[in-house]
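These protein sequence lines are chains Y and P, in that order.
Under this note's numbering, the first sequence is numbered contiguously, ending at residue 408.
Under this note's numbering, the second sequence is numbered contiguously, ending at residue 299.
C-beta atoms are modelled at their ideal positions from N, C-alpha and C, and glycine is treated no differently.
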Amino acid sequence: MKTLFATLLGAGVLVVGAVHLSAHHSAIAYDRNADVELTGTIREFQYTNPHSWLYVQVGDKTGQTVDWGFEAEGPSTLLLAGIKVSLLKPGEKITVKGHPLKDGRPAAILVSVTKADGSVLSSDAALRRGPGGKPIDAP
Amino acid sequence: MHVLLRPIAAGVAIITVCLCVPRTVAAQEYEKWYKLSEQQFLELKQKARGGTKMTWDKLPDWTGVWTHDGGTRFDPKIPNYAPTSAKLTPEYRAKFEKKLADQKQGVEWDHLSYCLPAGFPRWITEPFLREFIVRPEEVWWINEQQSEVRRIYIDGRGHVPEDEAYATWTGDSIGFWDGDTLVVHTINNKEGQYNRGQPDYSDKVSTVERIRKVSADVIEDDITVYDPLSLVEPWHVVNRYVRVKTPNLRINMWSCEENNNVVKTQDGSTQFILKGETGYKDPNSLITGPGGTQAPK
């Protein structure tokens, strides 16, 4: 696990204003001043209320794998951000960014998902990109 | 007797009883503040000459999907976790300051995480999608979160009689139309908080709202909050709801228990049970899968 946490980017300037996790629970357990960026394979996308959870299987340098959970808003808020359930399928390889739990367990608030084609999904309109990483119009 | 007048008559009776029975300050204050909010409501109704007789062809068009503008702030001008514009009583100011101090120490909990409703007037600022169903005799204000429906009776009825009344999550709302403005009086609420990072209110809270569509894409709710236990003077705020224009967007059933693995820690803060950990409720197995809460042997 230590090698996994070596991927934590540490403190940084974050764009968190558009990360909505304010409705159903406090976000006090997360460290909004830290980033984690991981590449792995989607295990499951729970497209549910009150929150969705994207589970990603991530390998570390020792060859072991860990399932990371990334918490996002519920379906209607994700839809407003263009994040359809059909866009994130199990088995798909992605790079995902988030703000991790303070206690070190493998979970984070979802900030963005970069797909293999370079498109970026995010509740933050400023982060969204189309295929190839090209800018797209904010909805 | 008009139901609205019953509390006044009851008040006269209580005053009579009070000649020989000591009463608490809180009860006296509540009676005064309830009358203040009721007085504002009745004055508005008198000004509207009893209210506009609404028929189907005159109803304003509030169709569409809407969402609260400005996050979860009750006073849109004041950010959460900042000094409030509400004039709080010493007791509730101390509560608020403790809440902010706890949050700075990493301790914060919200009863929503138990999958309970937000309660009213916090309901005003809940996020996600909303819908208004406007009928001549009743308005339903639907909030996606918890699939809540707030019913506003505008058929001329008064509040629930005092001997049948109890606190509810959306309160008891009656109203009338003043032209295209819906005027609403709400009582019988549960105690709660305007939001995390905002003050609390007591179960004596009552409100008067004036709701109207101010432009094609904006509905405005002008609210005055009365609460003898938490406020030293009424709190006036204006909240706005903006039209959500995403095509084909629908408000679906919203179940909080569908995927809730939030737990309260021993120190009163918020934590998660993650997939694979003891106690995790897997949304995939809640309906037909194995596991679940075991009945005692």
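For residue 270 (chain P), same chain residues with a beta-carbon under 8 angstroms away, outside a window of 5 residues either side, are 104, 109 and 111 in chain order.
Counting C-beta pairs closer than 8 angstroms gives three or more between the region 41 to 50 of chain P and the region 180 to 192 of chain P, which meets the contact rule. Using a Cβ-Cβ cut-off of 9 angstroms, residue 372 (chain Y) counts as an interface residue toward chain P, since at least one Cβ of chain P sits closer than that to its own.
For residue 129 (chain P), the closest of P:180, P:225, P:114 and P:285 by C-alpha to C-alpha distance is P:114.
If the five residues before and after residue 238 (chain P) are omitted, its C-beta is found closer than 6 angstroms to the C-beta atoms of 226, all from its own chain and listed in chain order. Apart from sequence neighbours up to five positions away, the residues of its chain that approach residue 402 (chain Y) with a beta-carbon distance below 6 angstroms are 387, ordered along the chain.
The DSSP-derived three-state label of residue 43 (chain P) is helix.
Under the rule that a run must span 4 or more residues, the alpha helix (DSSP H) segments found entirely inside the region 312 to 365 of chain Y read 344 to 349. Burial is judged here by how many other beta carbons sit within 10 angstroms of a residue's own beta carbon; residue 51 (chain P) has fewer than 16 and is exposed. Per DSSP, the unbroken alpha helix (DSSP H) holding residue 105 (chain P) starts and ends at 92 to 106. Residues of chain P with a Cβ closer than 8 angstroms to the Cβ of residue 376 (chain Y) are, in chain order, 274 and 276. In the DSSP assignment, residue 200 (chain P) falls outside any beta strand (DSSP E), carrying neither H nor E.
For residue 404 (chain Y), the CB contacts under 7 angstroms within the same chain, skipping 5 residues up- and downstream, are 398 in chain order. Residues of chain Y with a Cβ closer than 8 angstroms to the Cβ of residue 264 (chain P) are, in chain order, 293 and 294. Under DSSP, the beta-bridge partners assigned to residue 404 (chain Y) are Y:398.
Shown here for residue 334 (chain Y): same chain residues with a beta carbon closer than 7 angstroms to its own, the five before and five after excluded, namely 326, 327 and 328 in chain order. For residue 69 (chain P) against residue 132 (chain P), the beta-carbon gap comes to about 6 angstroms, under 8 angstroms, which counts as contact. About 31 angstroms separates the beta carbons of residue 361 (chain Y) and residue 297 (chain Y), which is beyond the 8 angstroms limit, so they are not a contact pair.
Judged by DSSP in its simplified three-state form, residue 183 (chain P) adopts strand. Looking only at P:209, P:265, P:198 and P:203, the smallest Cα-Cα distance to residue 175 (chain P) is reached by P:209. Between residue 299 (chain Y) and residue 352 (chain Y), the C-beta spacing is not below 9 angstroms. According to DSSP, residue 369 (chain Y) shares a beta bridge with Y:377. In this structure, residue 253 (chain P) lies near residue 67 (chain P), with their beta-carbon atoms less than 9 angstroms apart. A straight-line Cα-Cα distance of about 9 angstroms links residue 292 (chain Y) and residue 120 (chain P).
Cα atoms of residue 165 (chain P) and residue 124 (chain P): separation of roughly 26 angstroms, rounded to the nearest angstrom. With fewer than 16 other CB atoms across the displayed protein chains lying within 10 angstroms of its CB, residue 116 (chain P) is exposed. In its chain, beyond the 5 residues on either side, 74, 76, 82, 124 and 127 have a beta carbon closer than 7 angstroms to the beta carbon of residue 197 (chain P). In this structure, P:189 is the residue among P:189, P:154, P:213 and P:65 with its C-alpha nearest to the C-alpha of residue 169 (chain P).
With respect to chain Y, the C-beta atom of residue 164 (chain P) has no partner C-beta closer than 9 angstroms. In this structure, residue 71 (chain P) places its C-beta atom within 9 angstroms of the C-beta atom of residue 241 (chain P). Chain P has no Cβ within less than 9 angstroms of the Cβ of residue 359 (chain Y). Per DSSP, reduced to three states, the secondary structure at residue 38 (chain P) is helical. As the crow flies, the alpha-carbon of residue 323 (chain Y) is around 33 angstroms from that of residue 172 (chain P). Listed along chain P, the residues sitting closer than 7 angstroms to residue 315 (chain Y) by beta-carbon distance are 261 and 285.
The continuous beta strand (DSSP E) containing residue 155 (chain P) extends over residues 150 to 155. In summary, residue 282 (chain P) is exposed, with fewer than 16 beta-carbon neighbours lying within 10 Å of its beta-carbon over all protein chains present.
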